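The listed protein sequences correspond, in order, to chains A and B. Everything in the first sequence is counted per our numbering, starting at 44 for the first residue and increasing by one. Everything in the second sequence is counted per our numbering, starting at 44 for the first residue and increasing by one. We treat Cβ as the ideally placed atom computed from N, Cα and C, and that holds for glycine. This one's a predicted model, so the numbers in the text were calculated from it and none came from an experiment.
2 protein chains.
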Amino acid sequence: MRMRSNEKSGKGMSNGRAVNGFLLDITGVLYNSIYKSDGVAIAKSAEAVDFLYKHSNVKFLSNAKGNSNRNVARRLQRLGINVREEDVITPAPVVAQYCREHKLRPHLFVREDVLQYFDGIDTSSPNCVVMGEVEEGFSFERINRAFRVLIDMPKPLLITMGNGKFFQRVDGPCIDVGAFAAALKFSTNCEVLNIGKPSRFYFEQGINALGMKPEEIVMVGDDLMSDVGGAQACGMRGIQVRTGKWRPDFEKLPVTPDLTADCLYDAVKLIADNGFRL
Amino acid sequence: MRMRSNEKSGKGMSNGRAVNGFLLDITGVLYNSIYKSDGVAIAKSAEAVDFLYKHSNVKFLSNAKGNSNRNVARRLQRLGINVREEDVITPAPVVAQYCREHKLRPHLFVREDVLQYFDGIDTSSPNCVVMGEVEEGFSFERINRAFRVLIDMPKPLLITMGNGKFFQRVDGPCIDVGAFAAALKFSTNCEVLNIGKPSRFYFEQGINALGMKPEEIVMVGDDLMSDVGGAQACGMRGIQVRTGKWRPDFEKLPVTPDLTADCLYDAVKLIADNGFRL
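(1) Closer than 8 Å, CB to CB, is K51 (chain A) near chain B or not?
(2) Going along chain B in order, which residues have a C-beta closer than 7 Å to the C-beta of K208 (chain A)?
(3) Hey, would you say S105 (chain A) sits closer than 8 Å to I77 (chain A), going by beta carbons?
(4) So, helix, strand or coil for N112 (chain A), using DSSP?
(5) At a CB-CB cut-off below 9 Å, which residues of chain B make contact with R221 (chain A)?
(6) Taking CB distances under 8 Å as the criterion, tell me whether P216 (chain B) reaches chain A.
(7) Indicate whether Q211 (chain A) and N75 (chain A) have their beta-carbon atoms separated by less than 8 Å.
(8) What separation, rounded to the nearest whole angstrom, lies between the Cα atoms of T231 (chain B) and K240 (chain B)?
(9) In three-state terms, what does DSSP make of M279 (chain A)?
(10) Say whether chain A places a C-beta atom closer than 8 Å to the C-beta of M46 (chain B).
(11) Which bits of chain B does R191 (chain A) rub up against, with CB to CB less than 7 Å?
(12) Write down the C-beta distance between P216 (chain A) and R188 (chain B) rounded to the nearest angstrom, noting that I regard them as a contact closer than 8 Å.
(13) Could you name the residues of the same chain whose beta carbon sits closer than 6 Å to that of N63 (chain B), not counting the 5 residues immediately before and after it, in chain order?
(14) In whole angstroms, what is the alpha-carbon distance linking V177 (chain B) and L95 (chain B)?
(15) Check for me: the alpha helix (DSSP H) holding V271 (chain A) runs from which residue to which?
(16) What number of angstroms, rounded off, separates the C-alpha of D162 (chain B) from the C-alpha of L201 (chain B)?
(17) Residues of the stretch 171–188 of chain A in Cβ contact with chain B at a cutoff of 8 Å, in chain order, please.
(18) Along chain A, which residues have their Cβ under 8 Å away from the Cβ of I194 (chain B)?
(19) Identify, in the order they occur along the chain, each residue of the same chain with its Cβ nearer than 8 Å to the Cβ of E50 (chain B), setting aside the five sequence neighbours on each side.
(20) Let me make sure I understand the geometry here. Which of A:L267, A:M262 and A:D292 has the alpha-carbon closest to that of G278 (chain A)?
(21) So, are the CB atoms of L253 (chain B) and K102 (chain B) less than 8 Å apart?
(22) Look at the Cβ atom of E128 (chain B), then the Cβ atom of A139 (chain B), and state whether they are nearer than 8 Å.
(23) Taking only the alpha-carbon atoms, compute the straight-line gap between I164 (chain A) and E155 (chain A) and give it to the nearest angstrom.
(24) Please state whether the Cβ-Cβ distance between N125 (chain A) and A89 (chain A) is less than 8 Å.
(25) How close, in whole Å, do the beta carbons of Q320 (chain A) and A91 (chain A) come, if the pair is a contact with beta carbons under 8 Å?
(26) How many Å lie between D219 (chain B) and F183 (chain A) at the Cα?
(27) Helix, strand or coil for F133 (chain B)? Go by DSSP, reduced to three states.
(28) If I follow the unbroken beta strand (DSSP E) through Q211 (chain B), where does it start and stop?
(29) Could you please give me the residues that DSSP links to N75 (chain B) through a beta bridge?
(30) From what residue to what residue does the alpha helix (DSSP H) around E90 (chain B) run?
(31) Around the C-beta of I197 (chain B), are 16 or more other C-beta atoms found within 10 angstroms, so that it is buried, or is it exposed?
(32) Contact between the stretch 244–251 of chain A and the stretch 284–300 of chain A: three or more CB pairs below 8 Å?
(33) Name the DSSP beta bridge partners of V172 (chain B), please?
(34) Just to confirm before moving on: does the CB-CB distance between V271 (chain B) and V311 (chain B) stay below 8 Å?
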């Protein structure tokens, strides 16, 4: 791509509105996940990230719920994608902060690696359930424990780290935490609070981290409804990439991306070549 | 109870309509289940069953999905409750018959003990999922396999053995298969066909087994919505017992039983003493 930053781009030479910041989804945009391994980098995503660090502003807004921000960043670094830990946003620390601010005592149905964020939070006699577990740590016994906590509450509250229908692994699509939130809602009639995309509250974490107005930001994701539609609902522009969980039948869904590109690199190149306008 | 059969009861001496047959739920009515054990008989349910075999007509209509009819009957017999295998109705054989009649090729997400009912049914390139698995055989991997089968179908069909919110074990309530049907529906937008109470098709199995009109039959169950409400919707009378999963807050729910009794024995005694009328 041509190394032209937004500072250098003249207004007259390009169309569209200025793009001053990028929020990037991680899984399916930077890399594809493989069960119990680091996964594989998506072609040229490393170059795209380097370029954005150099010529624009970038944060990473993921619904990844299984690892700490440190381990998310380290995994990407092992794949050659130089994402800085401090630029990674995942639901677990946001949920923990929400629990602190709202004096919630969560029953934690989460991965071991994110338990650290809940240090110091009272988890005795829980008044909500926090769920962010799928794959190897998921079991009937664990969802049943969450069910029993909820069924005993007068006003059951389930906080879920993302509300996705499925996530994409290299071996195929996998049922995601949103399905198990629907399961618990079916059986307990709980309120479900999603702290993850596409909730506005969660997108605001990314907007605030970039420190700019939503209309200056583009969100790049592989999930049309959650990434693209969610970003648009918050006043950002939403870019669909044809990687990760993208499927041709997304075109039948009721969200129209501001841009569709084959991959992150292509999206960044197109915007940069247009003087950081879209 | 007074040993008075319906033949002996004079019309003038009692109120209500004739009761010529009983459909009994099993778990929570005859016995309470304990994880990985036979469970415990509910007081006097054995006497009530003996009495009904002697003085009326009785079949057992259960949503139990983990065991063959033979093993359901044997378990009850070990608890001293003399239920005959041929009088037990559970979803698995009914689902298998449905698959045969509709030329369905199921992906089987069921317990090992009920696989025998599907002998001879083609399960290659499945065009539906049959689900009847909770507790020890449930895993992320297995529900994910069911998810992948459904997500690949143009018109995904999930047949579920019962659609309950929870079942009751002695150690507490447990999230039931209805929740996981809701999960799969959330993620795949599948059609959900419940072959189990409260579906009319399933109640008809019990009605046909008794060989009488719905209005001659009472259904006795511990689940207000599924057993009692479901039976009433089919033209039977529905009796709620205060055993199993019964909870005081059932009174807030929008179904009114034709009779509420502390246990099966009390319900049978009251009806028998009233000349088999209710």
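This is what the structure holds:
(1) Confidence in K51 (chain A) is poor, its pLDDT being 40 and thus under 50, which makes the residue's placement unreliable; the coordinate value appears in the next sentence. So no, K51 (chain A) is outside the interface.
(2) F229 and S230
(3) no
(4) helix
(5) Looking at the sequence itself, residue 221 (chain A) is Gly, so the reference to Arg does not match. Near G221 (chain A) (Cβ distances below 9 Å), the residues of chain B are A226, F229 and S230.
(6) yes
(7) yes
(8) 24 Å
(9) coil
(10) Its pLDDT being 48, under 50, M46 (chain B) is placed unreliably in this model, and the value from its coordinates should be taken loosely. Judged by the 8 Å Cβ criterion, M46 (chain B) is not in contact with chain A.
(11) G215 and P216
(12) Contact doesn't hold; Cβ gap of about 12 Å is too wide.
(13) M255 and E259
(14) 32 Å
(15) Neither: V271 (chain A) is in no alpha helix (DSSP H) and is coded neither H nor E.
(16) 20 Å
(17) V177, E178, E179, F181, S182, F183, I186 and N187
(18) F209 and P216
(19) Legend: pLDDT at E50 (chain B) = 42, less than 50; position of this residue unreliable, no value from coordinates given.
(20) A:M262
(21) yes
(22) no
(23) 15 Å
(24) yes
(25) The identity of residue 320 (chain A) in the sequence shown is Arg, whereas the question assumes Gln. That belief does not hold up - the Cβ atoms of R320 (chain A) and A91 (chain A) are roughly 17 Å apart, past 8 Å.
(26) 10 Å
(27) Just to set this straight, residue 133 (chain B) is Thr in the shown sequence, not Phe. T133 (chain B): coil per DSSP, three-state reduction.
(28) F209 to R212
(29) B:V83
(30) S88 to H98
(31) Position check: residue 197 (chain B) holds Pro in this sequence, whereas Ile was assumed. It is exposed - the Cβ of P197 (chain B) has fewer than 16 other Cβ atoms within 10 Å.
(32) no
(33) B:H150 and B:L201
(34) no
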